[in-house]
Structures are given as structure tokens and as C-alpha cells.
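Heads up: the sequence shown begins at 4 in my numbering, then just goes up one per residue.
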Amino acid sequence: MAEAPMDRCLLEICNLDAGYGKLQILRSVCLQAAEQEIIGIIGANGAGKTTVLKAVMNLADIMGGEIYFRGTLLNRKAWYKIARMGIAFVPQKREIFSPLTVLENLEIGAYRILGNKSEMRSNLARVLEFFPQLQGKLALKAGVLSGGEQKMLSIARGLMGSPEVLLLDEPSLGLAPAVAEALFEGIRFIAQGHPSLKALLVVEQNAFLALEIAHRGYVLEGGRVVLVGSSQELLTNPHVKAAYLTA
């Protein structure tokens, strides 16, 4: 079982039980993300992938276990306090502000660094480098963007606050294959080029896209982690190939 190097461990989930109300989704989930790691979390619909990310942000009910960020327990912290600590969550539904312009949406994402105009300008320049499709559309209402552009905007907004950890939930959902591949190339570019970003967790039903950019991966089935390994190990694993990589 591949684990994150403990001397670089940034985010650690220990024996997590979580769900919504009385409905338990996750059971004894353990996960680690080290600095400079991309983690892919794959599995079928209903496996609990999204709940992992929501639990990190305390948007799911934690029934047992612990979640640590740089050694600080997150379990009882409000989501906005977790965000201010440096964890950004990009949900699978784009949740952009359609009546606002693209630029206004991006500026909202910079709430963590409000007052630091220089860093805000640098982050804006950087996200437009990551997603040049947004460059000429800053003055447009966000609601007129294509689905792929709206997804790019939601990820760019998450980056505007200089996060250390970025949680991406189903970034390819609803996108045409070519658009999804282009988006994941952008995500790879982000992981390599954003100065504040230390770790990236990608929940994705398209296992190939996730594992192609990840260093390590976790396979969830029935709310439990059933496999952990390097991306190459999982891409060649017979169970993963049969269950998640067959067209």
C-alpha cells in the first residue's frame, strides 16, 4: 500500500466515518496527501468520493475519525475557517455567479487575500495563463460561458485565494471528451505552476483522466478504500482495468 511520505504529509484522513444525517457513506477511510502530490480518488457513482472532499471541508457529517491539515484537527471547524486556512473546494456543480462578470467571479475567489492587491493581480495573471480561454471574456457575464469555460472559471476562482490544497470534485462532469482532456491538461499545468499550491486532490469518475495526472490514487467502493497505489500501479491493476478503465 502506497502512503504519503510522512515528513511531507499535508492532509491526513484517519479512519473516517462520514455521511449525511443518519445515512453513513464512508467507513474507516484513510487517506494522505503529501506536499507536491496529486491524488486521484476514483470509484463508481455512490462510492463516497464526493463525501471525502465534503468531509474535509466539514460539509458532511463526521461520525468518527479525524482529519488533519498540517497537524491541525479540522473536524469541528466551520468550512469558511477551513478555507481561510488554505484549502479550496471546487464542487462538481460549477456554482458560479451567473449574473456577475467573469472578473467579478474571480475576485470573489480572492477573499482569503483581500487587501493584498499585488498578490491578487499576480493570481489573476496566473489563472489566465492556466486558462487562456477566459482571457478575452473577463467583462462577460459568467452565465454566457460554455460548460467547459464555466468549469475553468470555477477552478480559476478556487485558485485566486492562494490555496495550499485544492479539492476538485468531478471536473470532467458533463464535458465532451475533448474538452475534458483539455481541462485536465490545464489541471496538470496548475499543479506544476501555481506557487502556493502544495497538493491537489481530484475526485473523478473518469479514472483514466484522474490517474493519468496523479502521482497516487485511491479506489473507493461502498464507502471504503479498497486499493491504494501509485497511478501506474492502479492503471495496470486488473481490477481497476476491468471495473473503471474499460470503455
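Backbone N, C-alpha and C fix where the C-beta goes; we use that ideal spot for every residue, glycine too.
Computed from a prediction, not measured in an experiment: that's the story for all the values here.
Using the Cβ count rule (16 or more neighbours within 10 Å means buried), how would you classify residue i?
i: M4; result: Any reading at M4 must be qualified, since the residue scores a pLDDT of 40, below 50, and its modelled position is unreliable; the value itself is stated next. M4 comes out exposed.
i: L76; result: exposed
i: E173; result: buried
i: V229; result: exposed
i: P166; result: buried
i: G139; result: exposed
i: V59; result: buried
i: K120; result: exposed
i: N18; result: exposed
i: G89; result: buried
i: H242; result: exposed
Please name the residue, chosen from the options, that lies closest to residue i on a Cα-to-Cα basis.
i: W82; options: F100, L109, R115, T104; result: R115
i: R191; options: L19, E40, C17; result: E40
i: A36; options: R11, A159, N78; result: R11
i: R219; options: A245, I42, A185; result: I42
i: G24; options: E38, K84, A63; result: A63
i: L137; options: E122, R160, L117; result: R160
i: R54; options: P198, K144, I28, A47; result: Here the sequence assigns Thr to residue 54, which means Arg is not the residue at that position. Checking every option, the nearest Cα to that of T54 belongs to I28.
Residue i by DSSP, collapsed to three states: which one?
i: G225; result: coil
i: L77; result: coil
i: L238; result: helix
i: L29; result: strand
i: E40; result: strand
Within 8 Å, do at least three Cβ pairs link the segment 219 to 229 to the segment 30 to 40? Cβ pair count under 8 Å is three or more, so yes.
Uninterrupted beta strand (DSSP E) stretches inside the segment 159 to 208 (no shorter than 3 residues): 168 to 172, 202 to 206
Completely contained beta strand (DSSP E) runs for the segment 82 to 133, where each covers 3 or more residues: For the segment 82 to 133, the continuous beta strand (DSSP E) assignments of 3+ residues that do not extend past its boundaries occur at 90 to 93, in sequence order.
Is there contact here, the segment 125 to 134 with the segment 86 to 103, by at least three beta-carbon pairs under 8 Å? no
Is it true that the segment 66 to 80 meets the segment 150 to 157, where meeting means three or more beta-carbon pairs spaced less than 8 Å apart? no
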